[in-house]
Amino acid sequence: MKTYGIIAAFDSPAQLMEAAKQMRTAGYTHFDCHSPFPIHGMDEAMGLKRSPVGYIVGGMAALGATIGFSLQTWVSTSAYPLVISGKPFFSWQAFIIITFALFVLFGAFGAVIGMFRLNRLPRLHHPLFYSDAFARVTDDGFMVSVESGDAQFDEEKTRAFLASIGGQNIEVIRGEG
Amino acid sequence: MNTPKPTMVSAVLKEAPLVQGGLTFRGITEKISGIVEGRTPSLWWLLFGMALSGTLILAGSVGWLIYEGTGVWGLNNPVGWGWAIVNFVFWVGIGHAGTLISAILFLLRQRWRTAINRFAEAMTIVAVICAGIFPAIHVGRIWIVYYMFPVPNQMDMWPNFRSPLLWDVFAVGTYFTVSFLFWYVGLVPDLATFRDRAKKKIKRMVFGALSLGWRGGNRQWKHYELSYLMLAGLATPLVLSVHSVVSTDFATSLIPGWHTTIFPPYFVAGAIFSGFGMVLTLAIIARRVFRLENLITVDHLEKMNKIILVTGSMVGYAYIMEFFIAWYSGNIYEVFAFINRGFGNYAWAYWIMFLCNVITPQLFWFRKIRRSIPVMFTLSIFVNIGMWFERFVITVTSLSRDFLPSSWDYYSPTTWDVLTFIGSFGLFFTLFLLFLRFLPMISMAEVKGVMPEADPHHHPDAHHPPDTHHHPAPVEKGGAA
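Structure (structure tokens):
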């Protein structure tokens, strides 16, 4: 079976962050630090760029507002023009609320769907789930995982390196990533 | 694991720790998951049975309404909006606390929100479901309820986008959807905890699917956290807009007592007030039944009481200001509408409202009362009652006494009005109890995240402020994303 990677456990958020810095200094790029909650400062420790989710939200929100305003304008001026209390057909002030509602609605879908797509989720299974020790990550475990796709990856050397930076219960994960 | 000393105070704010009783990360997982994994308490079955009976009452009374028509309600000619609209505004108002706690308190970095946000959000979703039923059944011919939506149809008809009633459809619909998304995104890491703890295969598969393959890696948290922040940013103006839009249902009409510009902020303050009232009622019961005193501490409850005091005072200000503006406007119909509210045929309702919303919350100025659970429980029930009466007073007094005395009439509800309202509480508690039984009622990931041990600069046994010798490495240009 193909090797997915190696995982190692650490004791605390501080140790996990220290491990992330060491991994990065050693030149690893395909690694991740798993924790039950987001750890403040970990992005910098791992050298990660800011998430592009904001641009997706912005684009989607603008799309929602455009659709909302155009739909109302088209309906009120061309598809079904009605004179209501003497207001002009194109009474744009009255259209702002629904435009805003659709701005928020589309933006929210952008935030959620965009986030899951960037994370390559949803997926029903992952090789990491073969490890029983990995289950602690959603409880009180702090773990580093290194993927075999990393240029630096070598089963023996990576194993030794993880041990040298304080990793415990080092485990090789087999499975298709 | 490092155990925090219960007496340890946060170095920055000098506040008591949010999580007490020396709970560790593991302890929190055990506590919250244990509620769902343990045997169903017999009290739950008792409450669920009662709530389900209420839901059946709702189904029966709505069925009868659809069969017979809106004539089964107490509506008459000047009062075309009765309990159905009162109940709609009441439930939507309650639905404001959840997203306020999740979004606005998140942006304001109020870390205590983590203990209460999950079930407040669930309460919001359930309350908005209850709210949505009322306008839907009020249309009379429910089989053409889709006319409310811009659905292309064979008659080439479209809704009137200048109507506040249509704004309401979009505002409440968006609010429900966004609140649901926000709640679900927050749930994903906790559902992954349930997946990893599941002993039975079917349970592991269900929670495995629901948690969408969450692995808690920082490459995932990075997108997750920004997405959550974005949702909070989008939901904040949304929370404030929804009840403003609901208020325009009234304010854009010409009825005396409704046609005022104070309505949007006044409705929003009232909504937050009523929402916190309901969150407090539920939180006090839940912390007692599920023994959550270490997570939902008296400090948490005290903070909610302060919000109730602030928003209750805003509501009181609005009540008094409405009277002033009515007098100051010099409009005889407006003056009459308000004198009639305070001293006319519905004065009893007005003074119940005034007592529950303006006078009794003022007791929260006293620290002892803010921290007394029996007193705050009673006051929170008062808030719930008072805010229902506020909507009753606004809706019914103005309609029953409008411009022409010849069209005046007195409105009383029928048995079906009362049963539908009671039934909506049944539905509310049915769905809420199902949530308590099957999903984590407190956000485990977020509570762990605000504990001192979650800070990578935390030093066990240290009382000095977090040191700064761990400077994060600068972000590389073009580094791995």
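In order, the protein sequence lines correspond to chains E and H. Numbering-wise (this note's numbering), the first sequence opens with residue 1 and increments by one. Numbering-wise (this note's numbering), the second sequence opens with residue 1001 and increments by one. Ideal Cβ placement from N, Cα and C applies to all residues, glycine included.
When 9 Å is used as the limit between beta carbons, Ser-51 of chain E is near these residues of chain H: Lys-1222, His-1223, Tyr-1224, Glu-1225, Leu-1226, Ser-1227 and Ala-1481, in chain order.
DSSP links Gly-1217 of chain H through a beta bridge to E:His-34.
Fewer than three Cβ pairs drawn from the stretch 1396-1414 of chain H and the stretch 1087-1096 of chain H lie within less than 8 Å of each other, which leaves the two stretches out of contact. Val-1375 of chain H and Phe-109 of chain E have their C-alpha atoms spaced approximately 42 Å apart.
Proximity of chain H to Tyr-80 of chain E at the Cβ level (cut-off 8 Å) is accounted for by Asp-1156, Met-1157 and Trp-1158, in chain order.
For Arg-123 of chain E, the secondary structure class from DSSP, reduced to helix, strand or coil, is coil. Between Lys-1031 of chain H and Ser-1443 of chain H, the alpha-carbon positions lie close to 11 Å from each other. DSSP lists no bridge partner for Phe-1182 of chain H.
About 5 Å separates the Cβ atoms of Ala-133 of chain E and Asn-169 of chain E, confirming a contact at the 8 Å cut-off. In the DSSP assignment, Ile-97 of chain E falls within the unbroken alpha helix (DSSP H) covering 92-118. Within the stretch 1232-1274 of chain H, no run of alpha helix (DSSP H) reaches 4 residues while sitting entirely inside it. Note that the stretch 1237-1250 of chain H does not touch the stretch 1284-1291 of chain H; fewer than 3 beta-carbon pairs, one per stretch, sit closer than 8 Å.
The C-beta separation of Pro-1237 of chain H from Gly-1312 of chain H comes to about 23 Å, leaving the pair out of contact by the 8 Å criterion. The beta carbon of Ser-70 of chain E does not come within 9 Å of any beta carbon belonging to chain H, so the residue lies off that interface.
Against chain E, the CB of Val-1079 of chain H has no partner CB under 9 Å away; the residue lies outside that interface. The C-beta separation of Arg-1195 of chain H from Ser-1211 of chain H comes to about 5 Å, placing the pair in contact by the 8 Å criterion. Looking at H:Phe-1276, H:Phe-1392 and H:Pro-1413, the one whose alpha-carbon comes closest to that of Leu-1105 of chain H is H:Phe-1276. As for any alpha helix (DSSP H) of minimum length 4 sitting wholly inside the stretch 1355-1406 of chain H, the runs are 1367-1370 and 1373-1392, ordered along the chain. Against chain E, a Cβ distance below 8 Å from Arg-1026 of chain H picks out Asp-139 and Asp-140.
In this structure the stretch 103-120 of chain E lies against the stretch 1166-1186 of chain H, because at least three pairs of beta carbons, one per stretch, are closer than 8 Å.
Annotation: Ala-79 of chain E to Ile-1085 of chain H spans about 31 Å, alpha carbon to alpha carbon. Proximity of the stretch 1115-1132 of chain H to the stretch 33-45 of chain E falls short of the contact definition, fewer than three beta-carbon pairs being nearer than 8 Å.
If you ignore the 5 residues before and after Gly-1270 of chain H, its C-beta comes within less than 7 Å of the C-beta of Gly-1093, Val-1315, Met-1387 and Glu-1390, all in its own chain and listed in chain order.
A Cβ-Cβ separation of about 13 Å leaves Arg-1371 of chain H out of contact with Glu-1293 of chain H under the 8 Å criterion. The Cβ atoms of Phe-1364 of chain H and Lys-1306 of chain H sit closer than 9 Å to each other. With a threshold of 9 Å between beta carbons, Asn-119 of chain E makes contact with chain H. Boundaries for Met-60 of chain E: no beta strand (DSSP E) harbours it, while the alpha helix (DSSP H) harbouring it runs 53-74, taken from the DSSP string. Nearest Cα to Val-1239 of chain H within the set H:Tyr-1175, H:Lys-1222, H:Gly-1257 and H:Val-1310: H:Tyr-1175.
Residues of the stretch 1160-1180 of chain H with a C-beta less than 7 Å from any C-beta of chain E: Asn-1160, Phe-1161, Arg-1162, Trp-1167, Phe-1170, Ala-1171, Thr-1174, Thr-1177 and Val-1178, listed in chain order.
Sequence-distant Cβ neighbours of Tyr-28 of chain E in its own chain, meaning closer than 7 Å and more than five residues away, are Val-146, Asp-150 and Gln-152. Here Met-143 of chain E carries a strand assignment [DSSP, helix/strand/coil].
Put simply, the CB of Met-1230 of chain H is near chain E, with a gap under 9 Å to one of its CB atoms. In the three-state scheme derived from DSSP, where H, G and I count as helix and E and B as strand, Asn-1117 of chain H is classed as helix. Rounded to whole angstroms, the Cβ separation of Pro-1256 of chain H and Ala-1337 of chain H is 4 Å, and the two are in contact under 8 Å. Scanning H:Gly-1449, H:Val-1393, H:Thr-1430 and H:Ser-1274 for the CA closest to the CA of Ser-1053 of chain H turns up H:Thr-1430.
A direct Cα-Cα distance of roughly 29 Å separates Phe-1273 of chain H from Lys-1448 of chain H.
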